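The next block holds one structure in the form of C-alpha cells; read it before the comments.
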Amino acid sequence: MQLIFTVGYPIPRVALYQKFVLLFGLGSGSKIFTIFLECIFPIVVSTYYGAKSVNHLYIWPGKNMGANDRKLFGKVFLSGTTPSIFTGFRIALPIGVVIAVLTGMISSNNGIGYFLVYLLATLSLSKVLAVVIFISFFGYGLDRLLLYVRNRYVYW
Numbered sequence: 004m005q006l007i008f009t010v011g012y013p014i015p016r017v018a019l020y021q022k023f024v025l026l027f028g029l030g031s032g033s034k035i036f037t038i039f040l041e042c043i044f045p046i047v048v049s050t051y052y053g054a055k056s057v058n059h060l061y062i063w064p065g066k067n068m069g070a071n072d073r074k075l076f077g078k079v080f081l082s083g084t085t086p087s088i089f090t091g092f093r094i095a096l097p098i099g100v101v102i103a104v105l106t107g108m109i110s111s112n113n114g115i116g117y118f119l120v121y122l123l124a125t126l127s128l129s130k131v132l133a134v135v136i137f138i139s140f141f142g143y144g145l146d147r148l149l150l151y152v153r154n155r156y157v158y159w
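Spelled out as C-alpha cells, the structure:
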C-alpha cells in the first residue's frame, strides 16, 4: 500500500484529465474523478502516518480491559487518527479548489473556470483579478468551515 502511494503521488493526475474525459465523458464525472484523484493522496498519506503514530500504550490497556477490536478501533484508534485525517483534508481542500477551477478552464462552457478563460481571452485583467480574489476567499471559507467541523467533533 505504501509503495502505491509513494510511486503514485508525484504523478500529475491532472495531466491524465483527457483520458478521464474519454472514460467518463465531458460532463461532471471526469472532473469529479480528477478532483478525487488529486485529493485522495494527501488524505490517505496523512491518515496512514497518523495511524502509525497511535501509541500502543493506549491500545494495550483497552485490550487488557476486554475491549473488542471494534471498540478499540472506535474509541482509541480512530480518536488518535482523526487529527491526522483532518490535516489531510486541510491539505487536500485547496488542491481540490484549484483542480476544480482548472478542469473548468480546460473543458467547460460554464462555471468559474470557463468565466476565467473568457475574461483572459477578452483581456479583462481587473475582472480576472476579482475572480482570483473570489476563489481565494471561497477557499478560505471552505477552510474555516472544515476547521469548525474539526473543532466541533475532534476532542483534543
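In this text, residue positions in the sequence shown follow the working numbering: the first is 4, and each later residue adds one. Just so you know, even glycine gets a beta-carbon here, dropped at the ideal spot from N, CA and C. None of these values were measured; they are calculated from a predicted model.
Along the chain, where does the alpha helix (DSSP H) that runs through residue i open and close?
i	result
Phe39	31-55
Leu108	Per the sequence shown, the amino acid found at residue 108 is Met instead of Leu. Met108 -> alpha helix (DSSP H) spans 81-109.
Ser154	Reading off the sequence shown, one finds Asn at residue 154, where the question assumed Ser. 128-156 is the extent of the alpha helix (DSSP H) around Asn154.
Leu19	Run containing Leu19: none; DSSP gives neither H nor E here.
Ala124	115-124
Pro64	59-67
Phe76	Taken as a continuous stretch (DSSP letters only), Phe76 belongs to no alpha helix (DSSP H), as it is neither H nor E.
Gly11	5-11
How should residue i be labelled, buried or exposed, when 16 other C-beta atoms within 10 angstroms of its C-beta is the threshold for buried?
i	result
Tyr158	exposed
Lys34	buried
Tyr143	exposed
Ser87	buried
Gly53	buried
Ala95	buried
If residue i sits next to residue j, beta carbons under 8 Å apart, how far is it from one beta carbon to the other, in whole angstroms?
i	j	result
Tyr117	Gly107	6 Å
Val135	Leu123	With a Cβ gap of about 11 Å, Val135 and Leu123 do not count as contacting.
Phe23	Thr9	About 23 Å; that fails the 8 Å criterion.
Cys42	Gly99	5 Å
Tyr12	Phe44	5 Å
Val48	Gly83	Between Gly83 and Val48 the Cβ distance is about 17 Å, and since that is not below 8 Å, they are no contact.
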